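The listed protein sequences correspond, in order, to chains G and F.
According to the working numbering, the residues represented by the first sequence are 1 to 195, in order.
According to the working numbering, the residues represented by the second sequence are 1001 to 1203, in order.
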Amino acid sequence: MLAEKALELIRELQRSKDGSLPPYNEDGVRQVLEEMRALFEQNQKDVSATVEGEKGLFSGVQLRHAALERNKRCLLAYLYNRLEEIRKMRWEFGSVLPGEVKYNMCEQEVQWFGKYNKMLATYMRSIGGVGGLDLTQDMKPPKTLYIEVRCLADHGEFETQDGNIIVLKKNSQHFLLRSECEHLIRQGVLEHMVH
Amino acid sequence: MSSSINDHFFSIDSILATQERLPCKVELPIFRLGYLDSATDGNDLLPGTKLEMPFWMAQSLCSRRRHIISIELPKQYRGSYREILDADANVVDLHKMGPYYYAFGTQLLRFDHADGSDIAKSLLMTFQMRFRKIMDSSRNSFNEDTCSLTNKLDETERSLFKAGQKELNDFQRWETRETEKLMTSKMVRNHRKRKRAALEEIS
């Protein structure tokens, strides 16, 4: 059946809906494009035959056209949904993606991520007065300025705003400015302690 | 609400729902596409040939303006099945009747089929009858295995169920004052888990 390869790409996306990015299926995309080229050429042939007077080719042209449109929709949806996922990653992982995730992206997607990063940074600098406003901060309304945190992993030295250097060692507890350590909590280095 | 109810161009669920097949009959010859019908070796699809087509293909060949093919209703939307739903929609396994029962059903209404209005009524009634149970079960099963509750639901209903569960969990977390706790983001956590699993496989 036509457009079968394109459907496979979509199924691949559906299987990984839990938030993991599957490797970019370059081979699958190429095969879909090849099928589209073949359909297009066949249609061109039939159209010029019709112009020369042959009758009854319209149904075939219509069917192939539908298949072309379908392939287009699947391909675009494949790329679009991947980009959406990558955009979400910027907010979850931060501006630097882990290597394994990056490995699953194609070159254009890496470029897109870089551009998105840059745009977001420019925008955040431009709002909120001098110094800008970090939109990725305070995803939940802050209740206190300082919070108690515990280290879940050895992270090394960490310089606080007032110039002190503390060592984030596994299982050590600290009392830190919320704005300073929120990113580390989201990245899983620290754990927020609530009593 | 989850995107599966939306019907936009890029929606994965919408694409999968329009992939469902339905029986068709060819009315006008379609030349040089005989390979679509695995039952014949001929080069062309001749009038009278019966074959199954995905919805998106059938839609472009059968409309008010063109009658290249004529379509038949898939059996799960025919009268006899509608009667079953009429009797008691709650016990029917809609997932088995096509994981996108509602979405595909509403798409079918685009053909000017004689049964169109009956199908529309049946879909609406089925949904109404089942909705109460779905809402009830999704909001009252906390920390339970929900497989037995969801395995008879179609994809639209599953996303409703998920929405209900999320609401229940959020409310519980708010009641126990867990919402103020900053958490590791979900993607990071899943990524860790996968990485750990991969490492364990190697060693």
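Using N, Cα and C, we set each Cβ at its ideal position, and we do this for glycine too.
In this text the structure is predicted, and so the values were computed from the model without any measurement.
Do Met-193(G) and Glu-148(G) count as a contact pair if the criterion is CB distance below 8 Å? Here residue 148(G) refers to the residue found at position 148 when the first sequence is read from its first residue. Here residue 193(G) refers to the residue found at position 193 when the first sequence is read from its first residue. Result yes, Cβ atoms of Glu-148(G) and Met-193(G) sit closer than 8 Å.
Cβ pair Asn-81(G), Ala-6(G) closer than 8 Å: By 1-based counting over the first sequence, the position of residue 81(G) is 81. By 1-based counting over the first sequence, the position of residue 6(G) is 6. The answer is no: Cβ separation not under 8 Å.
Examine the Cβ distances between the region 1120 to 1132 of chain F and the region 1080 to 1089 of chain F and report whether three or more of them are shorter than 8 Å. yes
Beta-carbon proximity list for Ile-1071(F), same chain, < 7 Å, skipping 5 on both sides: Your numbering for residue 1071(F) matches position 71 in the second sequence. Around Ile-1071(F): Leu-1022, Cys-1024, Ala-1058, Cys-1062, Phe-1111.
Which residues in the same chain as Gln-173(G) place their Cβ atom closer than 6 Å to its Cβ, once the five residues preceding and following it in sequence are excluded? Here residue 173(G) refers to the residue found at position 173 of the first sequence. Result list for Gln-173(G): Arg-150, in chain order.
Pro-23(G) at chain F interface by Cβ criterion, 8 Å: As a first step, residue 23(G) is located in the first sequence; it is residue number 23 there, counting from the start. False, the Cβ-Cβ gap to chain F never drops below 8 Å.
CB contact flag (Asp-1093(F), Lys-1166(F), <8 Å): Taking the first residue of the second sequence as 1, we reach residue 1093(F) at position 93. Taking the first residue of the second sequence as 1, we reach residue 1166(F) at position 166. No, the pair does not count as a contact, with Cβ atoms beyond the cut-off.
Since Phe-1161(F) and Thr-1150(F) should fall inside the 8 Å C-beta cutoff, what is the C-beta to C-beta distance between them, to a whole number of angstroms? Translated into the one-based positions of the second sequence, residue 1161(F) becomes position 161. Translated into the one-based positions of the second sequence, residue 1150(F) becomes position 150. Correct: roughly 6 Å between the Cβ atoms.
How about Arg-73(G) and Gln-42(G): do their beta carbons lie closer than 8 Å? The count along the first sequence starts at 1 and reaches residue 73(G) at position 73. The count along the first sequence starts at 1 and reaches residue 42(G) at position 42. No, the Cβ-Cβ distance between Arg-73(G) and Gln-42(G) is not below 8 Å.
When you compare only the Cα positions, how much space is there between Leu-39(G) and Tyr-1077(F)? Translated into the one-based positions of the first sequence, residue 39(G) becomes position 39. Translated into the one-based positions of the second sequence, residue 1077(F) becomes position 77. Approximately 33 Å, taken between the alpha carbons.
Leu-152(G) beta carbon less than 8 Å from that of Tyr-78(G): As a first step, residue 78(G) must be located in the first sequence, where it is residue number 78. As a first step, residue 152(G) must be located in the first sequence, where it is residue number 152. Not in contact: Tyr-78(G) and Leu-152(G) (Cβ atoms no closer than 8 Å).
Own chain residues within Cβ distance below 7 Å of Leu-1109(F), not counting five before or after: Residue mapping note: residue 1109(F) aligns to position 109 of the second sequence, counting from 1. Once the five neighbours on either side are set aside, the close Cβ partners of Leu-1109(F) are Gly-1116, Ile-1119, Ala-1120.
Just to make sure I have the definition right: I need the residues of chain G whose C-beta is within less than 9 Å of the C-beta of Leu-1153(F). Which are they? For the purposes of this step, residue 1153(F) is identified with residue 153 of the second sequence, where counting begins at 1. The contacting residues do not exist; Leu-1153(F) stays about 16 Å from chain G at best.
In three-state DSSP terms, what is Val-110(G)? Here residue 110(G) is taken as the residue at index 110 of the first sequence, counted from 1. Note: Val-110(G) maps to helix in three-state DSSP.
Residues near Glu-180(G) in its chain [Cβ-Cβ closer than 8 Å; skip 5 each side]: Position 180 of the first sequence holds residue 180(G). Taken in chain order, the residues that qualify are Thr-160, Gln-161.
Determine which residues of the region 1179 to 1201 of chain F have a Cβ less than 9 Å from any Cβ of chain G, and write them out in chain order. Thr-1179, Glu-1180, Lys-1181, Leu-1182, Met-1183, Thr-1184, Ser-1185, Lys-1186, Met-1187, Val-1188, Arg-1189, Asn-1190, His-1191, Arg-1192, Arg-1194, Lys-1195, Ala-1198
Answer with yes or no whether the minimum CB distance from Asn-171(G) to chain F is below 8 Å. For this step, residue 171(G) is matched to residue 171 along the first sequence. Chain F contact via Cβ: absent.
Whose Cβ in chain G lies nearer than 8 Å to the Cβ of Pro-1029(F)? Looking up residue 1029(F) in the second sequence gives position 29. Per Cβ cutoff of 8 Å: Gly-56, Ser-59.
Could you compute how far the alpha carbon of Ala-1197(F) sits from the alpha carbon of Ser-126(G)? As a first step, residue 1197(F) must be located in the second sequence, where it is residue number 197. As a first step, residue 126(G) must be located in the first sequence, where it is residue number 126. Rounded to the nearest angstrom, the two C-alpha atoms are 42 Å apart.
Helix, strand or coil at Arg-1021(F) [DSSP, three-state]: The sequence position of residue 1021(F) within the second sequence is 21, counting from 1. Looking at Arg-1021(F) - three-state DSSP - the assignment turns out to be strand.
Considering only their Cβ atoms, is the gap separating Asp-1154(F) from Tyr-1081(F) smaller than 8 Å? What you label residue 1081(F) is simply residue 81 of the second sequence in a count that begins at 1. What you label residue 1154(F) is simply residue 154 of the second sequence in a count that begins at 1. Taking 8 Å as the Cβ cut-off, Tyr-1081(F) and Asp-1154(F) do not qualify as a contacting pair.
Between the alpha carbons of Phe-203(G) and Glu-4(G), how many angstroms are there, rounded? The structure shown does not extend to residue 203(G), since chain G spans only 1 to 195, so no value can be given for it.
In terms of DSSP beta bridges, what is Gly-60(G) paired with? Reading the first sequence from its first residue, position 60 is the one you call residue 60(G). Per DSSP, none; premise fails for Gly-60(G).
For Leu-68(G) and Met-36(G), what's the separation of their Cα atoms in angstroms? In the first sequence, the residue the question calls residue 68(G) occupies position 68. In the first sequence, the residue the question calls residue 36(G) occupies position 36. For Leu-68(G) and Met-36(G), the distance between alpha carbons rounds to 6 Å.
For Met-1053(F), does the three-state DSSP call read helix, strand or coil? As a first step, residue 1053(F) is located in the second sequence; it is residue number 53 there, counting from the start. Three-state DSSP puts Met-1053(F) in a strand.
I'd like to know whether the C-beta atoms of Leu-133(G) and Met-124(G) end up nearer to each other than 8 Å. Working through the first sequence from its first residue, we reach residue 133(G) at position 133. Working through the first sequence from its first residue, we reach residue 124(G) at position 124. A contact, by the Cβ cut-off of 8 Å.
Could you confirm whether any beta carbon from chain F is found closer than 8 Å to the beta carbon of Glu-182(G)? Within the first sequence, residue 182(G) is the residue found at index 182, counting from 1. Yes, Glu-182(G) counts as interfacial toward chain F.
Proximal chain G residues relative to Gln-1019(F), where beta-carbon distance stays under 8 Å: Walking along the second sequence from the start, residue 1019(F) turns up at place 19. The answer, in chain order, is Leu-7.
Starting from the Cα of Glu-26(G), find the closest Cα among Ser-16(G), Ser-20(G), Glu-8(G) and give me that residue. Taking the first residue of the first sequence as 1, we reach residue 26(G) at position 26. Taking only the C-alpha atoms, the option nearest Glu-26(G) is Glu-8(G).
To be precise: take each residue of the region 70 to 81 of chain G, compare its Cβ to all Cβ atoms of chain F, and keep it if any distance is under 7 Å. Which residues remain? Arg-70, Arg-73, Cys-74, Leu-76, Ala-77, Tyr-80, Asn-81
Listed in chain order, which residues of the region 1055 to 1078 of chain F have Cβ atoms closer than 8 Å to some Cβ of chain G? Trp-1056, Met-1057, Gln-1059, Ser-1060, Leu-1061, Arg-1066, Ile-1068
Span of the alpha helix (DSSP H), counted from its first residue to its last, around Gly-1105(F): Start at 1 with the first residue of the second sequence, and residue 1105(F) comes out as number 105. That run of the alpha helix (DSSP H) goes 1101 to 1108.
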